[in-house]
Amino acid sequence: MKTDFLNGKKIAIVCDWIKDMGGAEVVLAQLLEIFPEADIFTSIFFQKGNPIFDGKKIITSSIQNIPLLNKSHKLALTLRPKAFERFDFSGYDIVISSTTAESKGIITKPETLFICYCHTPTRYFWSHYHEYINMMEFGILNPIGKWFMPRLVHNLRKWDFLAAQRPDYFLANSKNTKNRIKKYYNREAEVVYPGIDTEKFIFSSEKKDFYLYVGRCIPYKKFDLIVDAFNKNGKKIAIITNTDNKLFRKLKSISKENISWKLNISFEEIKKYYSEAKAFLFPPEEDFGLVPIEAMASGTPVIAFGKGGALETVVDSETGVFFGEQTVESLNKAIERFEKLSFDYDKIKKHSEKFDKKYFKQNILEFIEKKIIKRRG
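Mapping of the sequence shown onto the working numbering: residues -17 to 359, in sequence order.
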């Protein structure tokens, strides 16, 4: 696609923090492919040495220089709003915020085109507030966090709502997120699905007798549900994570022999697991979720919780099956149902190609061109 309309435009990409390479960071990497000359603004940068950021100009907030806070973005919750408001975007023509939290709250000049690509309205203020309170991950600071958060959240919600009025336009990563943006921010949004490089994955119709789960071992990803279900059903599963934390160690210690844990393995090894697994498990309620698409790009069906973004990527009885509740009984019933069905692995692979990153890039550029033309009148 031609990008002449971007000639002479100075572009900035803003994100909440740059830490682990999760779904939001994959989107950031793809935005950098579209806009290789863009400057990056973020509160805290944790990815030194990652080739994605080689040669990039990265501007961090003052939080980056505060001991302890610069080690965990969670501890800087109350400081990020002002940190993002302090950034100066007066020299930029186009600013894109890729956000799940506070980076939509930057302040730009009226003539600057400000687009918010929203992965979700801030979960810990809105849709999943009570979950976050009950499952805080501050370690020994948990009691302090549980005392302070209810006392702070009202004002933080007010700021978050106000911040969501600042972008000129909202893009949502799913219909699910679009609906949340309307509910919590009263803003309209256009859906642009994120994508993956489907050609990078290994397709195989020769599946082995094991299930698979891949993700960061944090509470809302529901690793505990996977372990409890497979401890009960006795079926083989490989669980892959890059998170060596208290939850990982606890769950590994109670796992039976049919559960195999893989920590910090290479992407090449992960792709092999994707291609060989009989099915991929996806138990969390995600706003969108890229990993089911990675599995399907390998020809592997998905057993997903039937809520959130999975409803937009998985087709029941064609590319996978759903379970209705995040319980051991519901998940194991879905596995039993799955094992009675047959799947066309080529069709699953073909379905994944609808979410190739080339469409994400194309849709982002078309949206920006349309808005530039509109501004010119």
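Note that beta-carbon positions come from the ideal geometry of N, C-alpha and C, so glycine has one too.
query	result
Which partner residues of Gly302 appear in the DSSP bridge assignment?	Val284 and Asp298
Taking all protein chains shown into account, decide if His136 is buried (16 or more other Cβ within 10 angstroms of its Cβ) or exposed.	exposed
Does the Cβ-Cβ distance between Ala286 and Val303 come in under 9 Å?	yes
In the stretch 52 to 116, which residue ranges form an unbroken beta strand (DSSP E) of at least 3 residues, counting only runs that do not cross its ends?	76 to 81 and 95 to 100
Run through DSSP, which three-state label would Val310 get?	helix
Who does Cys(-3) pair with in a DSSP beta bridge?	Thr24 and Ser80
Taking Ser242 as part of the beta strand (DSSP E), name the residues at either end of that continuous run.	Ile241 to Leu245
Considering just the uninterrupted stretch of the beta strand (DSSP E) at Val196, what are its terminal residues?	Tyr193 to Val196
Flag this pair as yes or no: are the beta carbons of Phe262 and Tyr202 separated by less than 9 Å?	no
Looking at the secondary structure, which residues open and close the beta strand (DSSP E) in which Thr223 lies?	Ile219 to Thr223
Should Gln147 go down as buried or exposed, given a rule of 16 or more other Cβ atoms within 10 Å for buried?	exposed
For Asp21, which of Gly31, Glu7 and Ile41 has the nearest alpha-carbon?	Ile41
Count the other C-beta atoms from every protein chain shown that fall within 10 angstroms of the C-beta of Arg169, then say buried if there are 16 or more, exposed otherwise.	buried
Could you give the first and the last residue of the continuous alpha helix (DSSP H) run that contains Leu263?	Counting along the chain, Leu263 falls outside any alpha helix (DSSP H), though it belongs to the beta strand (DSSP E) covering Ala261 to Phe264.
Return the chain-ordered list of same chain residues with a C-beta closer than 6 Å to the C-beta of Ala65, the five sequence neighbours on each side being excluded.	Ser25, Ser43 and Ile45
Less than 9 Å separating the beta-carbons of Phe230 and Cys199?	yes
Just to check, is the beta-carbon of Lys218 closer than 8 Å to a non-hydrogen atom of the ligand ADP?	With respect to the ligand ADP, the structure shown offers nothing to examine, as it has no ligands at all.
Compute the distance between the beta-carbons of Ser79 and Phe96, then report whether it is under 9 Å.	yes
Who are the Cβ neighbours of Cys98 in its own chain at under 6 Å, not counting the five residues just before and after it?	Ser79, Lys86, Pro149 and Phe152
Could you tell me which residues DSSP pairs with Phe152 in its beta bridges?	Cys98
Where does Arg68 land, buried or exposed, given buried means 16+ other C-beta within 10 angstroms?	exposed
Over the uninterrupted beta strand (DSSP E) stretch that includes Phe355, give me the two end residues.	Reading the sequence as shown, one finds Ile at residue 355 and not Phe. Counting along the chain, Ile355 falls outside any beta strand (DSSP E), though it belongs to the alpha helix (DSSP H) covering Lys339 to Arg358.
Does the Cβ-Cβ distance between Phe264 and Ala292 come in under 9 Å?	yes
With DSSP collapsed to three states, give me the class of Thr(-15).	coil
Is the CB of Lys254 under 9 Å away from at least one CB in chain C?	The structure shown has no chain C; it contains just one protein chain.
In the DSSP assignment, find the unbroken beta strand (DSSP E) run with Ile45 in it and report its ends.	Segment: none, Ile45 is in no beta strand (DSSP E) and carries neither H nor E.
Among Tyr111, Leu347 and Lys160, which residue has its Cα nearest to the Cα of Arg133?	Tyr111
Assign Glu19 to one of three DSSP states: helix, strand, or coil.	coil
Please state whether the Cβ-Cβ distance between Tyr106 and Ile(-7) is less than 9 Å.	no
With burial defined as no fewer than 16 other Cβ atoms inside 10 Å of the residue's Cβ, what is the status of Ser324: buried or exposed?	exposed
Should Ser299 be labelled buried (16 or more other beta-carbon atoms within 10 Å of its own) or exposed?	exposed
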